[in-house]
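Peer 1: In our numbering, each number is its position in the sequence shown, counted from 1, plus 93.
The C-beta atom is built at its ideal place from N, Cα and C for all residues, glycine as well.
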Amino acid sequence: MKPQKVAIVTGAGQGIGLEIARKLLITGSHVILNDLEKGLTEEAVASLSQLGKGAVLGCSGDSSSGEVISEIIDLAMHHFGSVDQVVANAGITLFGNFLDYSREDFFEVTRINQAGSFFLTQAAARIMKGQPNGGSILLTSSVTAHQSHENLAAYAMSKAAVEMLAKNLVIELAPLGIRINTIAPGATLTERTTSDPNYVSTWSRLTPLGRPANTTDIAEAAAFLLSDAARHITGQSLIVDGGWTSISPSPYG
Ligand SMILES: NC(=O)c1ccc[n+]([C@@H]2O[C@H](COP(=O)([O-])OP(=O)(O)OC[C@H]3O[C@@H](n4cnc5c(N)ncnc54)[C@H](O)[C@@H]3O)[C@@H](O)[C@H]2O)c1
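1. Can you tell me whether R298 is buried or exposed? The criterion is at least 16 other CB atoms within 10 Å of its CB, across all chains shown.
2. Using beta-carbon positions only, say whether Q215 and S251 come within less than 8 Å of one another.
3. Considering only residues of the same chain and omitting the five flanking positions on each side of A238, which have a CB-CB separation below 7 Å?
4. Based on the DSSP secondary-structure assignment, which residues constitute the bridge partners of Q97?
5. Write down the C-beta distance between V124 and A139 rounded to the nearest angstrom, noting that I regard them as a contact closer than 8 Å.
6. Take every Cβ of the region 264 to 283, pair it with every Cβ of the region 219 to 228, and state whether three or more of those distances are shorter than 8 Å.
7. Relative to ligand 1, is the shortest distance from any of its heavy atoms to the C-beta of Q89 smaller than 7 Å?
8. To the nearest angstrom, how far is the alpha carbon of G189 from that of A306?
9. Can you tell me whether DSSP reads R285 as helix, strand or coil?
10. Could you tell me which residues DSSP pairs with V149 in its beta bridges?
So, in structure tokens, the structure goes:
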């Protein structure tokens with residue numbers, strides 16, 4: 094029997110991260126679930142604890158902090174003895190037009206989205222390089238890394254950066270048996286996005302497949318990239334957007 098994989102998912106108290114954690118548990122991994130909010134971390138762990146063949150443990154805190162990253166890795170190693178699948182999913186969106194955008198917002202987006210992904214990947218790769226089966230890393234990007242979206246210059250830049258990080262790290266990580274990819278969701282229904290009452294109707298109109306994504310659409314693609322079925326895929330970005338980035342505004346309205 095194959096040993097159970099050990100997964101880490103950040104920003105997983107709700108939304109896309111929670112659904113990826115659920116999917117990985119169902120497919121047999123043990124999961125360390127992180128969220129900035131202690132209450133959300135505890136609720137998420139409680140809601141997933143009876144689900145899968147694996148165990149789920151929580152570790153709350155800012156996933157861009159070096160101490161929290163060490164805590165998460167130590168928890169995985171102490172309880173399960175390996176780190177096989179890592180999802181740097183925690184990310185924040187701070188909207189604002191470019192000419193007025195504040196330095197505080199810019200550095201906050203950069204710290205969490207970019208530095209958080211970079212240093213979690215570094216800590217995980219340091220463990221994975223000594224494992225016989227290496228490991229698989231997934232960074233959560235966004236369609237905004239591929240197509241312009243108003244008021245999201247800093248966010249888009251941070252997501253394009255994580256895509257380039259994944260490509261660049263193929264050089265250092267492929268020889269160690271570590272794969273690294275990104276997933277780029279389009280408009281996705283989460284607690285945050287659906288606080289806008291027009292979200293479903295707006296994105297149903299704009300999306301070629303006729304609806305925004307739900308978190309399961311994203312989690313299933315993420316689980317594929319993390320699984321052995323994707324064993325020859327590294328340095329890639331998988332866009333899951335119902336076709337939104339494939340089209341441009343039509344002259345016919
Ligand atoms: N929802 C979308 O439409 C969409 C589209 C494209 C990309 N994304 C990306 O997907 C990822 C998840 O998005 P979502 O919409 O599910 O997120 P969300 O805003 O619903 O947040 C998910 C969780 O992340 C936690 N979080 C925030 N900052 C954190 C930090 N520093 N450390 C640990 N946890 C933190 C929050 O507490 C929250 O519970 C993000 O990287 C986001 O940029 C989302």
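Peer 2: The short version:
1. For this step, residue 298 is matched to residue 205 along the sequence shown. Per the 10 Å Cβ criterion, exposed.
2. Taking the sequence shown and counting its residues from 1, one reaches residue 215 at position 122. Taking the sequence shown and counting its residues from 1, one reaches residue 251 at position 158. Result no, Cβ atoms of Q215 and S251 do not sit closer than 8 Å.
3. Translated into positions along the sequence shown, residue 238 becomes position 145. When the five nearest sequence neighbours on each side are left out, the beta carbons in the same chain lying within less than 7 Å of the beta carbon of A238 are those of A249, K252, A253, E256 and A277, in order along the chain.
4. In the sequence shown, the residue the question calls residue 97 occupies position 4. Q97 is not bridged to any residue.
5. Walking along the sequence shown from the start, residue 124 turns up at place 31. Walking along the sequence shown from the start, residue 139 turns up at place 46. 13 Å between Cβ atoms; not a contact.
6. yes
7. Residue 89 falls outside the range modelled here, since the chain spans only 94 to 346, and no answer is possible.
8. Against the sequence shown, residue 189 aligns to sequence position 96. Against the sequence shown, residue 306 aligns to sequence position 213. Answer to the nearest angstrom: the Cα atoms are 24 Å apart.
9. For the purposes of this step, residue 285 is taken as residue 192 along the sequence shown, with counting starting at 1. Three-state result, R285: coil.
10. Residue numbering aside, residue 149 sits at position 56 when the sequence shown is read from its first letter. According to DSSP, V149 bridges with V124.
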